[in-house]
Structures are given as C-alpha cells and as structure tokens.
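The block underneath contains the structure these notes are about, expressed in structure tokens.
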Amino acid sequence: MNLEKALTAPYSQSGVRKIANYIGEDTVKFKLLVDQVLSMDNKKMQLAAGSMSICVEHNPLLLKGYVKKLIKAASASSATDSLKRNVLRALQFVQVPAKDQGIVADYCFDALANRKEAIAIRVFAMTVLGNIAHEHPDLKQELRLLLESELSIGSAGYVSRAKKVLKQLNHSK
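Rendered as structure tokens:
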C-alpha cells in the first residue's frame, strides 16, 4: 500500500481500517502515520488519526514516545475535533508515561471542563483522566467533583461515561 496515496482518499471507516491493518504493529510505518497526524494537513490527518487510534488499541506500545507531541498538536488552536478525539481515544488504551502525565492530565481537565467541546472528546478525556487517577489518587477528588457537577445537565453519553468513571474511582480507593 502507498500510505501517502491512501491518506489522500476520501474519508471512510473502511479506509481508516485498511490503513490501520497496513500499519499493524510496524513501528516504522506507525512513525510515518504519526508524522501525517502531526502534519496538520486536515485531509490526511483525519484518516491518519483514525487509523492511529485503531493501531494503538491493538498495540498500545506503539504510542510510546509520541504522547507529548500528540497532546501538543491536540492543544493547538488549529486542532480539529477529529484530531482531539482520536488522540484521546488512543490515549485511553495506554498507560501514560509518568513524565507525560502532567501535560496529559492538564489537557484532559481542560477538555472535560469545556462545555463547547464535542461530547466524544469530553468522554475520552474522562477515561484518560480516570486511568491517570489510579496512579495519582490526589486527582480523584478533583475529577469526581468535575464529573458530578455535570451529571444533571450532561448529555446521555456524558452521563453514561461519567457514571462508569465515577464507579471506577470509588472502587479504587
């Protein structure tokens, strides 16, 4: 497969899956994919980001070394919802390295607290924060307060994920 050409095809879930299958667990191909995610070429980035999150779901170790760069890209004012959503979706499958947990937690708290963010972005941020909070109990109370403050006004998707994360937080005291 010619990755460059595949990333210029019209967006489709089947295209995303084909690219992810092509990348597989190959770290060299994965680096090329991440380079496209970070390129900020919106057309290529959307396919690349979706494929990246699928690859990481199957092999979380692929993301090692890219966390800080991806969070920086997702934090940019020009970042698309697709980029933010797929970066956070990928991060929910990995144990965020200790050195990157601060920047990831800050980004996730900002995304979660921002009611203008898409629900998918907010719920993936919730999950990532829940995972980090298992290692940093001091974050649990802050996350609990934020989630509980939105339960009465959140969308069905938000409420469902918030209840799941709250349950996990309460069981890991």
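Each residue of the sequence shown is one higher than the one before, starting from -19 at the first, in this note's numbering. Quick reminder that beta carbons are idealized off the backbone N, C-alpha and C, glycines included. For clarity, every value in this text was computed on a predicted model and none was experimentally measured.
Supposed contact pair residue j and residue i - C-beta distance, whole angstroms, cut 8 Å
{"i": "residue 154", "j": "residue 23", "result": "For the chain, the structure presents residues -19 to 153; residue 154 sits outside this window and is missing."}
{"i": "residue 99", "j": "residue 55", "result": "The Cβ separation is near 19 Å, so there is no contact."}
{"i": "residue 127", "j": "residue 146", "result": "6 Å"}
Sequence-distant residues of the same chain with beta carbon closer than 7 Å to residue i, five excluded per side
{"i": "residue 70", "result": "32, 33, 36, 43"}
Spatial distance of residue i from residue j (CA atoms)
{"i": "residue 101", "j": "residue 87", "result": "11 Å"}
{"i": "residue 21", "j": "residue -16", "result": "12 Å"}
{"i": "residue 108", "j": "residue 72", "result": "5 Å"}
{"i": "residue 124", "j": "residue -14", "result": "42 Å"}
{"i": "residue 8", "j": "residue 53", "result": "20 Å"}
{"i": "residue 78", "j": "residue 48", "result": "11 Å"}
{"i": "residue 25", "j": "residue 76", "result": "22 Å"}
{"i": "residue 27", "j": "residue 60", "result": "12 Å"}
{"i": "residue 150", "j": "residue 89", "result": "19 Å"}
{"i": "residue 92", "j": "residue 106", "result": "7 Å"}
{"i": "residue -4", "j": "residue 15", "result": "16 Å"}
{"i": "residue 50", "j": "residue 19", "result": "11 Å"}
Burial state of residue i, where buried means 16 or more other Cβ atoms lie within 10 Å
{"i": "residue 133", "result": "exposed"}
{"i": "residue 95", "result": "exposed"}
{"i": "residue 68", "result": "buried"}
{"i": "residue 29", "result": "buried"}
{"i": "residue 137", "result": "exposed"}
Closest Cα partner of residue i within the set the options
{"i": "residue 131", "options": "123, 122, 143, 121", "result": "143"}
{"i": "residue 103", "options": "-5, 47, 139", "result": "139"}
{"i": "residue 114", "options": "148, 89, 97, 127", "result": "148"}
{"i": "residue 41", "options": "19, 5, 63", "result": "5"}
beta-carbon residue i near the ligand ADP non-hydrogen atom, thresh 6 Å
{"i": "residue 150", "result": "Looking for the ligand ADP in the displayed structure turns up nothing, as the structure carries no ligands at all."}
Sequence-distant residues of its chain with Cβ nearer than 8 Å to residue i (five each side left out)
{"i": "residue 81", "result": "112, 115, 116"}
Own chain partners of residue i with C-beta closer than 6 Å, once the 5 adjacent residues on each side are dropped
{"i": "residue 2", "result": "-19"}
{"i": "residue 66", "result": "29, 30, 33"}
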